[in-house]
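A short worksheet on the structure shown next.
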Amino acid sequence: MRAVVVTRPGGPEVLRVQEVPEPSPGPGELLVEVAAAGVNRADLLQREGRYPPPPGAPAWPGLEASGVVAALGPRADGAPGPGAVGPTGDPWQVGDRVAVLLAGGGYADRVTVAGTHALRLPEALPLVDAAALPEAVATVWSNLRAARIAPGETLLVHGGSGGVGSVAVQLGRALGARVVATAGGPERCARVAALGADVVLDHREGDVTDRVREATDGRGADVVLDVLGGRALGANVAVLAEGGRLVVIGLQQGRRGELDLAALMARRGSVIGTTLRDRPAAQKDAILAEVAAHVWPMVADGRVRPVVHARLPLAEAGEAHRLLASGDVFGKLLLEP
Numbered sequence: 001m002r003a004v005v006v007t008r009p010g011g012p013e014v015l016r017v018q019e020v021p022e023p024s025p026g027p028g029e030l031l032v033e034v035a036a037a038g039v040n041r042a043d044l045l046q047r048e049g050r051y052p053p054p055p056g057a058p059a060w061p062g063l064e065a066s067g068v069v070a071a072l073g074p075r076a077d078g079a080p081g082p083g084a085v086g087p088t089g090d091p092w093q094v095g096d097r098v099a100v101l102l103a104g105g106g107y108a109d110r111v112t113v114a115g116t117h118a119l120r121l122p123e124a125l126p127l128v129d130a131a132a133l134p135e136a137v138a139t140v141w142s143n144l145r146a147a148r149i150a151p152g153e154t155l156l157v158h159g160g161s162g163g164v165g166s167v168a169v170q171l172g173r174a175l176g177a178r179v180v181a182t183a184g185g186p187e188r189c190a191r192v193a194a195l196g197a198d199v200v201l202d203h204r205e206g207d208v209t210d211r212v213r214e215a216t217d218g219r220g221a222d223v224v225l226d227v228l229g230g231r232a233l234g235a236n237v238a239v240l241a242e243g244g245r246l247v248v249i250g251l252q253q254g255r256r257g258e259l260d261l262a263a264l265m266a267r268r269g270s271v272i273g274t275t276l277r278d279r280p281a282a283q284k285d286a287i288l289a290e291v292a293a294h295v296w297p298m299v300a301d302g303r304v305r306p307v308v309h310a311r312l313p314l315a316e317a318g319e320a321h322r323l324l325a326s327g328d329v330f331g332k333l334l335l336e337p
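Going by UniProt numbering, the first residue of the sequence shown is number 1, and it counts up by one from there.
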């Protein structure tokens, strides 16, 4: 089969479509014919040699995909017959439409995945566009759960126009939070507002700390979902409400920042940091089970929908990486085999 291989660490030009061995589903796994793969910033880091795939994952990038089940692996307990089941225990069948969360390998014609890491698509959800959802919904849901967000609280989403941010705005609104988001430029701010944000702040107009305070009547944000990391640490603590929780899920502004412990203590605040890709399988099982039970019904009824900037052929993976690095993408980029 074909896959987009990182020929050496470097820029987008190092991505090449090559023939690789076709995977075979193991116990409890699905073989999925890929309809589309989502492009994530982690893929750019992997291409640069700064985020290697975990042991056992394919060497080529791709943390999420959508497609059709082409084959089933044997039962995980060794009994006769196919035994792949979904995150809620429902059996899979050949021909089922799925969206899958991967540790790697989505940039390919086919991929294997644990049946518990696949989500059955609602009838109205387009097969290709579904590839924009698994990584984002699993990331956002697990982190909002870690932050214990409650209806009526204020959620600040940095990068509301991004692949994760666009889902966070919708999911936060669906969970009953008041959503404040940041985005760059009037047009992008308007589009984020259309996704359900109550207030959208243009970060190109300077530091948003005072404007977050103004938007919350001086109270601040109960939960901050942050993709920026290091250099934004101080500003994020400054916008926390009393008892606020800062959840760091990205490092676009570096790994290190200065933390004013007195400011954090004065707010009785907390800082939470998480990753998703390298979690143990059992933790991913639990996250996907909760997503299937709590978020997927919101996808089915349209409260949470994929936001797709563009769909490109698999052979243009390098161009997709250039586009994502440019900062001009709204939502997700998808690669179609």
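Every residue, glycine too, gets a C-beta built ideally from N, C-alpha and C.
Here the structure is a predicted model, which is why all the values come from computation and not from measurement.
Practice task
Any chance you could list the alpha helix (DSSP H) runs of at least 4 consecutive residues sitting entirely within the region 245-301, in chain order?
Solution key: 261-266, 281-290 and 296-300
Problem - Rounded C-alpha distance that separates G257 from T274 - result: As a working note, residue 257 is residue 257 in the sequence shown. As a working note, residue 274 is residue 274 in the sequence shown. The alpha-carbon atoms of G257 and T274 are separated by roughly 16 Å.
Problem - T88 - DSSP class collapsed to helix/strand/coil - result: Locating residue 88 in the sequence shown gives position 88, where the first residue counts as 1. T88: coil per DSSP, three-state reduction.
Problem - Span separating the alpha-carbon of R2 from that of P58 - result: Here the question's residue 2 lines up with position 2 in the sequence shown. Here the question's residue 58 lines up with position 58 in the sequence shown. Cα-Cα distance, rounded: 13 Å.
Exercise for the section: Can you check DSSP and say which residues form a bridge with S66? Expected result: By one-based count along the sequence shown, residue 66 stands at place 66. BP columns for S66 point to A36 and A99.
Practice task
Could you have a look at R2 and say whether DSSP puts it in helix, strand or coil?
Solution key: As a working note, residue 2 is residue 2 in the sequence shown. Here R2 sits in strand by DSSP.
Handout entry: Rounded C-alpha distance that separates V137 from L324
Key = Counting from 1 along the sequence shown, the entry for residue 137 is found at position 137. Counting from 1 along the sequence shown, the entry for residue 324 is found at position 324. Near 19 Å, if we compare the C-alpha coordinates of L324 and V137.
Handout entry: Length at least 4, wholly inside the region 159-237: the alpha helix (DSSP H) runs in chain order
Key = 163-174, 186-194 and 209-215
Handout entry: Rounded distance between the beta-carbons of L335 and H117, thought under 8 Å
Key = Taking the first residue of the sequence shown as 1, we reach residue 117 at position 117. Taking the first residue of the sequence shown as 1, we reach residue 335 at position 335. So it is not a contact: roughly 19 Å between Cβ atoms.
Problem - Residue range of the alpha helix (DSSP H) that includes E336 - result: Counting from one through the sequence shown, the residue named residue 336 turns up at place 336. No alpha helix (DSSP H) contains E336, which is instead part of the beta strand (DSSP E) from K332 to E336.
Exercise for the section: Please name the residue or residues paired with R16 in a DSSP beta bridge. Expected result: Taking the sequence shown and counting its residues from 1, one reaches residue 16 at position 16. Per DSSP, V5.
Practice task
Determine contact between the region 182-202 and the region 63-75, defined as no fewer than three beta-carbon pairs at a distance below 8 Å.
Solution key: no
Handout entry: Where E29 falls, given that 16 or more other Cβ within 10 Å makes a residue buried
Key = The count along the sequence shown starts at 1 and reaches residue 29 at position 29. Buried, by the Cβ-count rule.
Handout entry: Between the CA atoms of G160 and L314 - distance to the nearest angstrom
Key = Position 314 of the sequence shown holds residue 314. Position 160 of the sequence shown holds residue 160. Computed Cα separation, rounded: 26 Å.
Handout entry: Reference L225, options L125, C189 and T182, closest by Cα
Key = Looking up residue 225 in the sequence shown gives position 225. For the residues L125, C189 and T182, the minimum Cα distance to L225 belongs to T182.
Exercise for the section: Determine the contact status of T139 and A241, defining contact as a CB-CB distance below 8 Å. Expected result: Position 139 of the sequence shown, counted from the first residue, corresponds to residue 139. Position 241 of the sequence shown, counted from the first residue, corresponds to residue 241. Contact flag unset, no.
Exercise for the section: Note down the Cα distance separating E64 from V212, rounded to an integer number of angstroms. Expected result: In the sequence shown, residue 64 corresponds to position 64, counting from 1. In the sequence shown, residue 212 corresponds to position 212, counting from 1. Their backbone Cα atoms lie some 33 Å apart in a straight line.
Handout entry: Secondary structure of P74, DSSP reduced to three states
Key = In the sequence shown, residue 74 corresponds to position 74, counting from 1. Looking at P74 - three-state DSSP - the assignment turns out to be strand.
Handout entry: Bounding residues of the alpha helix (DSSP H) (the contiguous stretch that carries L156)
Key = As a first step, residue 156 must be located in the sequence shown, where it is residue number 156. Note, L156: premise wrong, no alpha helix (DSSP H); beta strand (DSSP E) at T154 to V157.
Exercise for the section: Closer than 6 Å by C-beta to A35: which residues in its own chain qualify, once you throw out the five before and the five after it? Chain order, please. Expected result: Position 35 of the sequence shown holds residue 35. The residues are S66, G67, L127 and V128.
Exercise for the section: Kindly indicate which three-state DSSP category A150 falls into: helix, strand or coil? Expected result: If you number the sequence shown from 1, residue 150 lands on position 150. Of the three classes helix, strand and coil, the one that applies to A150 here is coil, per DSSP.
Handout entry: Local Cβ density within 10 Å of V291, reported as buried at 16 or more and exposed below that
Key = On the sequence shown, residue 291 is found 291 positions in, with the first residue counted as 1. Buried.
Exercise for the section: Return yes when the Cβ of V308 is within less than 8 Å of the Cβ of A132, no when it is not. Expected result: Stepping through the sequence shown from its first residue, residue 132 is reached at position 132. Stepping through the sequence shown from its first residue, residue 308 is reached at position 308. Yes.
Practice task
Give the range of the alpha helix (DSSP H) segment to which residue 345 is assigned.
Solution key: Because residue 345 is not part of the residues shown, which for the chain are 1 to 337, the question remains open.
Problem - Status (buried if at least 16 other CB within 10 Å, exposed otherwise) for residue 348 - result: What is shown of the chain runs 1 to 337, which leaves residue 348 out entirely.
Exercise for the section: Take G184 and list the residues in its own chain whose beta-carbon comes closer than 8 Å to its own, dropping the five residues that flank it on each side. Expected result: One-based indexing of the sequence shown puts residue 184 at position 184. Only S161, D202, H203, R204 and G327 meet the Cβ criterion.
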